[in-house]
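Have a look at the structure below, then the notes.
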Amino acid sequence: MNFILFANFGNCFIEIFFGKVDFDNAINDVKSKGERNAYALLVWKHKDCGHLFERSYGNFIRTFSCPKCTQQKNQKITHGYCEYIFDQQFKVEERMKDIFPVDENPEIKKLHANVHIDIFQNLGLKDKEGNLIKLGVRYNGKQHDDSPEGWEAMKGIAKHPDAKPGSKIYKELWSQWRKLIETDKIKADVFENNKGEGYYLIIVDYRIPPNQRQQFIIDEFERQTGIKLDRKDSIDWRKLL
Ligand SMILES: [Zn+2]
1324 MNFILFANFG
1334 NCFIEIFFGK
1344 VDFDNAINDV
1354 KSKGERNAYA
1364 LLVWKHKDCG
1374 HLFERSYGNF
1384 IRTFSCPKCT
1394 QQKNQKITHG
1404 YCEYIFDQQF
1414 KVEERMKDIF
1424 PVDENPEIKK
1434 LHANVHIDIF
1444 QNLGLKDKEG
1454 NLIKLGVRYN
1464 GKQHDDSPEG
1474 WEAMKGIAKH
1484 PDAKPGSKIY
1494 KELWSQWRKL
1504 IETDKIKADV
1514 FENNKGEGYY
1524 LIIVDYRIPP
1534 NQRQQFIIDE
1544 FERQTGIKLD
1554 RKDSIDWRKL
1564 L
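The opening position of the sequence shown corresponds to residue 1324 in this note's numbering, with each subsequent residue numbered one higher.
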């Protein structure tokens, strides 16, 4: 990781993309609301990959990581294909409450503030109704399946494949899993409710192998939005990692 410091705090790993003036503005903004500096929202740039992202000062200092570079393999492949297909950068981990006006979408209030979509972008293209397309794309791992297999996957990921029914860990995992399924449903519903405004969500299921994902995303986009994309050569998913 190579982050370069523009503003004068911490040790020299971070670049605040818009420089010190914006850092001071962000700090003054939270101060004026009587909040702690840790909540100051800043735009960071990871020098190695060039990705720009918004994180609060406190959150970034805790994680020191670039959301693009810490993506899981399958999210990376999906992200890479989307940037290739649509020929533009996507924002990583865009929060639901930043994508949609919360007052008009009260379901979002049921979600944790950090609930996000893997990648999101205003594409600058219009759908068949003439709305500008706002596209979210998420990769759905097996644990997102509302099925016995999904529950097994959830326990496996949590490294408790043999959790005993009735045990504390089993109950905790079960409630986390139900929450995950509920969150997925709310995300899908909110996108669906806003389709008339040009919001679309593509869900890339784990059953779609990497070598079929480029075509899947194109087909799904064309099916949902009713517009045709320019054809591009297929690229090998291994090049996207
Ligand atoms: Zn990065």
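Built from N, CA and C at the ideal position, the CB exists for glycine as well.
In whole angstroms, what separates the C-alpha of Ile-1492 from that of Glu-1475? The sequence position of residue 1492 within the sequence shown is 169, counting from 1. The sequence position of residue 1475 within the sequence shown is 152, counting from 1. If you take the alpha carbons of Ile-1492 and Glu-1475, they lie about 14 Å apart.
Is Gly-1333 helix, strand or coil by DSSP? Here residue 1333 is taken as the residue at index 10 of the sequence shown, counted from 1. Summary for Gly-1333: the model assigns pLDDT 38, below 50, so the residue's position carries little reliability; its value from the coordinates is reported in the next sentence. Coil at Gly-1333, not helix or strand.
Would DSSP call Asp-1441 helix, strand or coil? The residue given as residue 1441 occupies position 118 in the sequence shown. The answer is strand: DSSP assigns Asp-1441 an E or B state.
Taking 8 Å as the cut-off, decide whether the C-beta atoms of Gln-1537 and Ile-1408 are in contact. The sequence position of residue 1537 within the sequence shown is 214, counting from 1. The sequence position of residue 1408 within the sequence shown is 85, counting from 1. Their beta carbons are under 8 Å apart, which means Gln-1537 touches Ile-1408 by this criterion.
Taking the straight line between their C-alpha atoms, what separation do you get for Gln-1412 and Asp-1507? For the purposes of this step, residue 1412 is taken as the residue at position 89 of the sequence shown. For the purposes of this step, residue 1507 is taken as the residue at position 184 of the sequence shown. Cα-Cα distance, rounded: 24 Å.
Ligand 1 and Asp-1441: does any heavy atom of the ligand fall closer than 7 Å to the residue's C-beta? Counting from 1 along the sequence shown, the entry for residue 1441 is found at position 118. Not so, every heavy atom of ligand 1 lies at least 7 Å from the Cβ.
Where do the ends of the beta strand (DSSP E) carrying Phe-1413 lie? As a first step, residue 1413 is located in the sequence shown; it is residue number 90 there, counting from the start. No beta strand (DSSP E) contains Phe-1413, which DSSP labels as neither H nor E.
Would you say the region 1508–1518 touches the region 1367–1384, given that touching needs at least three Cβ pairs under 8 Å? no
Lys-1288: beta carbon under 7 Å from a heavy atom of ligand 1? For residue 1288 there is no data in the structure shown, the boundaries of the chain being 1324 and 1564.
Does Tyr-1529 come out as helix, strand or coil in the three-state DSSP assignment? Here residue 1529 refers to the residue found at position 206 when the sequence shown is read from its first residue. If DSSP states are grouped into helix, strand and coil, Tyr-1529 belongs with coil.
Count the other CB atoms, across all protein chains shown, that sit within 10 Å of the CB of Ile-1327; report buried if there are 16 or more and exposed otherwise. In the sequence shown, the residue the question calls residue 1327 occupies position 4. Annotation note: pLDDT 47 at Ile-1327 (below 50); position unreliable, coordinate value reported separately. When all chains shown are included, Ile-1327 counts as exposed.
Answer with buried or exposed for Asn-1351, where buried requires no fewer than 16 other C-beta atoms within 10 angstroms of its C-beta. To locate residue 1351, count along the sequence shown from 1; it is residue 28. It counts as exposed.
Between Ile-1541 and Leu-1552, is the Cβ-Cβ spacing less than 8 Å? To locate residue 1541, count along the sequence shown from 1; it is residue 218. To locate residue 1552, count along the sequence shown from 1; it is residue 229. Cβ distance < 8 Å, so Ile-1541 and Leu-1552 count as in contact.
Can you give the Cα-Cα distance for Ile-1400 and Gln-1547, rounded to whole angstroms? Taking the sequence shown and counting its residues from 1, the one referred to as residue 1400 is at position 77. Taking the sequence shown and counting its residues from 1, the one referred to as residue 1547 is at position 224. Computed Cα separation, rounded: 21 Å.
Where do the ends of the alpha helix (DSSP H) carrying Ser-1599 lie? Here the chain covers residues 1324 to 1564 and nothing more, so residue 1599 does not appear.
Since Ile-1480 is in the alpha helix (DSSP H), which residue starts that stretch and which ends it? The sequence position of residue 1480 within the sequence shown is 157, counting from 1. Looking at the DSSP string, the run of the alpha helix (DSSP H) that includes Ile-1480 is 1471–1480.
Just to confirm my understanding: we take Lys-1478, look at its own chain, exclude 5 residues before and 5 after, and list those with CB closer than 7 Å. What are they? On the sequence shown, residue 1478 is found 155 positions in, with the first residue counted as 1. Contacts found: Pro-1484, Ala-1486, Leu-1496.
Can you grab the Cα-Cα spacing for the pair Lys-1356 / Tyr-1362, in whole Å? One-based indexing of the sequence shown puts residue 1356 at position 33. One-based indexing of the sequence shown puts residue 1362 at position 39. Distance between the alpha carbons of Lys-1356 and Tyr-1362 is about 10 Å.
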